[in-house]
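Engineer: Can you read through this structure? Questions will come right after.
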DNA sequence: CTTGATGAATGTACTCTACAACCAATAGAG
DNA sequence: CTCTATTGGTTGTAGAGTACATTCATCAAG
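Chains as they are written, first to last, in full-length UniProt numbering: chain Z, 1 to 156; chain Y, 1 to 156.
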């Protein structure tokens, strides 16, 4: 059902059809993945919701970041981030420290518990991914990773 | 950022490190994609929510499927599907027909309007993906598509 | 005809999200 | 320095999407 001659550049119509098929597949599979992601994440770590986990991870990586940075990076509304942070703070996973240079700003840091939770959650997530990708060759893993990077970075 | 310690042959550490890096990237990028998917979908077609679109598409492809089939396929609760179908029916996009052979069952079919909406939405989605992937070679598209298929099909 | 399984709907509650309105602090223009 | 616009953040409100538990109707089998 797919074209079998990827290197034959003589027929642009065939090439277009090939592109269309591939793009359709990418579209369908990415959509399917997105649909299932939340359920999968909930199964992997019922304790820490997906978004909270993600924000906590970012706070850990970019120690001292601000709520606005998180909102910009994840394309979320300020209010959403604010509430997520409230949750994380209530759980004792994140600290909001006032910035001495700018009293509007809250500098975010993971607490001890936050770092520990993050480590545990990341380990379990990583294990799940490892298992799922166990029979992939390293070359395939590397290529898949680079495609995903390229795709995500092509965001306008 | 890659490990600089080429271990001696005693342990398979080097190969493992490569795998770990790649798997980490895949994990991170897929997570990032999942988080943004909803917002992106909303931007692409504000009229038809992502989930409804997906269900409608499945109903169209598998004409005559039942709510239970949808729930199983998308790992959703029956109640969720039921409510989504209620929405789709209210919008006039889906018909629930009683099954003469089993009066518990409702057989699902897209309406004319449903099929039309689906066509339009699919076209706009496809165009968005085409644009975003415009500078990818066909080979890369094909490989990316096959990786996604492989990944999604490895679901346990 | 009971009993248990199955397809679906409903009650309830929670997460995630956006938009709008608001407050507090800063930065510039005069 | 004062007034205003901007920026960082919170809160009120609302809505989508989801799950779990319960209930209802129907079917299948003893």
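Beta carbons: idealized from backbone N, C-alpha and C, even for Gly.
Any Cβ of chain Z within less than 9 Å of the Cβ of residue 3 of chain Y?
Structural biologist: Note on residue 3 of chain Y: pLDDT 38, under 50, position unreliable in the model; the coordinate value appears next. Not closer than 9 Å to any Cβ of chain Z, the Cβ of residue 3 of chain Y fails to qualify, so no.
Engineer: Taking 9 Å as the cut-off, decide whether the C-beta atoms of residue 50 of chain Y and residue 32 of chain Y are in contact.
Structural biologist: no
Engineer: Of the residues that make up the region 28-52 of chain Y, which ones have a beta carbon closer than 9 Å to any beta carbon in chain Z?
Structural biologist: The residues in question are 28, 29, 30, 31, 32, 33, 34, 35, 36, 37, 38, 39, 40, 41, 50, 51.
Engineer: Return no unless some Cβ of chain Y is closer than 9 Å to the Cβ of residue 149 of chain Z.
Structural biologist: yes
Engineer: Can you give me the start and stop residues for the beta strand (DSSP E) that residue 108 of chain Z sits inside?
Structural biologist: 106-110
Engineer: Provide the residue span of the beta strand (DSSP E) that contains residue 99 of chain Y, from first to last.
Structural biologist: If you look at residue 99 of chain Y, you'll find it in the beta strand (DSSP E) that goes 94-99.
Engineer: Measure the Cβ-Cβ separation of residue 45 of chain Z and residue 124 of chain Z and say whether it is below 9 Å.
Structural biologist: yes
Engineer: Just how far apart, CA to CA, sit residue 85 of chain Y and residue 42 of chain Y?
Structural biologist: 19 Å
Engineer: In terms of residue numbering, what span does the alpha helix (DSSP H) encompassing residue 61 of chain Z cover?
Structural biologist: Residue range 50-61 is occupied by the alpha helix (DSSP H) that includes residue 61 of chain Z.
Engineer: So what does DSSP say about residue 102 of chain Y, is it helix, strand or coil?
Structural biologist: strand
Engineer: Give the secondary structure of residue 134 of chain Z by DSSP, where H, G and I count as helix, E and B as strand, and everything else as coil.
Structural biologist: In this structure, residue 134 of chain Z counts as coil in the three-state DSSP scheme.
Engineer: Is residue 54 of chain Z buried or exposed, if buried means 16 or more other CB atoms sit within 10 Å of its CB?
Structural biologist: Classification for residue 54 of chain Z: buried.
Engineer: Determine the DSSP secondary structure at residue 82 of chain Y, reduced to helix, strand or coil.
Structural biologist: helix
Engineer: Within 8 Å, do at least three Cβ pairs link the region 21-32 of chain Y to the region 126-143 of chain Z?
Structural biologist: yes
Engineer: Is the number of C-beta pairs between the region 138-145 of chain Z and the region 72-90 of chain Z that are closer than 8 Å three or more?
Structural biologist: no
Engineer: Going along chain Y, which residues have a C-beta under 7 Å from residue 60 of chain Z?
Structural biologist: Ordered by position in chain Y, no residue passes the 7 Å Cβ test against residue 60 of chain Z, which lies about 13 Å from the chain.
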